[in-house]
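So for the sequence shown, my numbering puts the first residue at 44; every next one is plus one.
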Amino acid sequence: MRKDYSQCAKCAGKVCYPFAGVDDELPPVDEAPEFCPMRRMPEVIEKANHFYEKANIHEFARLASIQESECYELTGQGIKTKIPRLEETIQFANKCHFKRLGVVFCVGLREEARQVVSIFENKGFEVVSVNCKVGRTPKEFIGLKGEEKIAGPGLMEPMCNPIVQAAIINAENVDLAIMLGLCVGHDTLFMKYCDVPATTLAVKDRVTGHNPLAALYLSKSPYYNRLQMPAQAEADKGDWKKVDITADE
Ligand code: SF4
């Protein structure tokens with residue numbers, strides 16, 4: 044097992060998330076695996092925790108964790124969940140006294156966007172909404188060839204434009220941006236260029252009703268078991284080159 048990078052997904056998490064009373068002694072960090080970030084990077088953890096000293100970040104984090112708690116209830120049968128993410132988003136936005144929400148959606152979820160906006164409006168929010176095709180910039184603008192477009196060369200296909208979505212959300216002075224069904228990569232660009240706080244209501248999954256984990260749950264079945272087949276990542280990269288959107292080119 045490699046020890047030179049953090050691999051929490053391969054650990055039972057008994058050191059960072061022990062079952063302990065508030066006054067109990069916690070398990071020593073050296074009981075965690077050698078790849079544990081608490082062992083490998085204590086200074087990174089300490090430095091990051093200083094960000095919570097800013098009053099607004101402290102308060103935002105506090106409200107987020109209160110909201111988290113309120114999504115459960117302690118019952119005689121144990122802890123139960125009770126609030127779907129849509130309602131959680133509404134409750135959290137109210138806790139933060141947000142008034143103006145910005146829904147950025149994929150054109151494929153236009154009907155869902157209409158319903159989501161209607162629900163937010165019924166709950167008293169002002170809702171800006173921005174479609175991914177905003178600006179109707181043709182895909183040729185980012186270098187796509189005709190045969191690389193979804194419907195082939197004959198039709199004008201506007202590109203999904205997450206950078207323009209972010210620019211409009213920034214200009215509309217929304218308190219909270221809410222991503223609804225943006226594609227992989229388009230969501231990355233939106234997050235890179237969005238200057239306001241953002242959260243995700245749903246992600247795009249064209250096959251599973253926008254529930255990517257359905258493929259995970261089905262990956263042990265014959266239909267999706269290709270997901271469990273070992274593959275050489277390098278071979279799968281084909282002729283594509285590494286792209287670094289954090290570089291200042
Ligand atoms: S932080 Fe450490 S103890 Fe917790 S899951 Fe990650 S590796 Fe395991």
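Ideal Cβ placement from N, Cα and C applies to all residues, glycine included.
K57 beta carbon near the ligand SF4 (any heavy atom closer than 8 Å)
yes
Quick check on the DSSP output: the alpha helix (DSSP H) that includes N137 runs from which residue to which?
128-138
Could you check whether the stretch 243-259 touches the stretch 195-204, counting it as contact only if at least three pairs of C-beta atoms, one from each stretch, sit closer than 8 Å?
no
How far does the alpha helix (DSSP H) with M202 in it reach, from first residue to last?
Counting along the chain, M202 falls outside any alpha helix (DSSP H), and DSSP gives it neither H nor E.
Mapping the DSSP letters down to three states, classify G189 as helix, strand or coil.
Helix, per DSSP.
Taking just the CA atoms, how far does R45 sit from E74?
17 Å
Distance, P61 Cα to V207 Cα:
Between the C-alpha atoms of V207 and P61 there is a straight-line separation of about 45 Å.
First and last residue of the beta strand (DSSP E) that includes T118?
115-118
Counting C-beta neighbours from all protein chains within 10 Å, is the total for P205 16 or more, i.e. buried, or is it exposed?
buried
4 or more residues per run - each alpha helix (DSSP H) lying fully within the stretch 58-94
80-83, 85-92
How about F141: is its Cβ closer than 8 Å to a heavy atom in the ligand SF4?
no
Within 8 Å: the Cβ of Q50 and any heavy atom of the ligand SF4?
yes
Cβ of L144 within 9 Å of Cβ of V170?
yes
Does any CB atom of chain C fall closer than 9 Å to the CB of F168?
Protein chains in the displayed structure number just one, and chain C is not present.
The ligand SF4 and M81: does any heavy atom of the ligand fall closer than 8 Å to the residue's C-beta?
yes
By the three-class DSSP mapping on this structure, what secondary structure does L261 have?
Reduced to three states, the DSSP call for L261 is coil.
Is A75 near the ligand SF4, going by C-beta to nearest heavy atom under 8 Å?
Flag set: Cβ of A75 near the ligand SF4.
F62 Cβ short of 8 Å to the ligand SF4 heavy atom set
no
Using a Cβ-Cβ cutoff of less than 8 Å, which residues in the same chain neighbour M35 once the five nearest sequence positions on both sides are dropped?
Outside the displayed span of the chain (44 to 292) sits residue 35, for which this structure offers no information.
Looking at the unbroken beta strand (DSSP E) that takes in M222, where does it start and where does it end?
219-225
What residue does the alpha helix (DSSP H) around R157 start on, and which one ends it?
153-165
Less than 8 Å separating the Cβ of C54 from some heavy atom of the ligand SF4?
yes
Are the stretch 229-246 and the stretch 181-190 touching by the rule of at least three beta carbon pairs closer than 8 Å?
no
Name the one or two DSSP bridge partners that G145 has.
Its beta-bridge partners are V171, A220.
Would N137 and K97 be called neighbours here (beta carbons separated by less than 9 Å)?
The answer is no: Cβ separation not under 9 Å.
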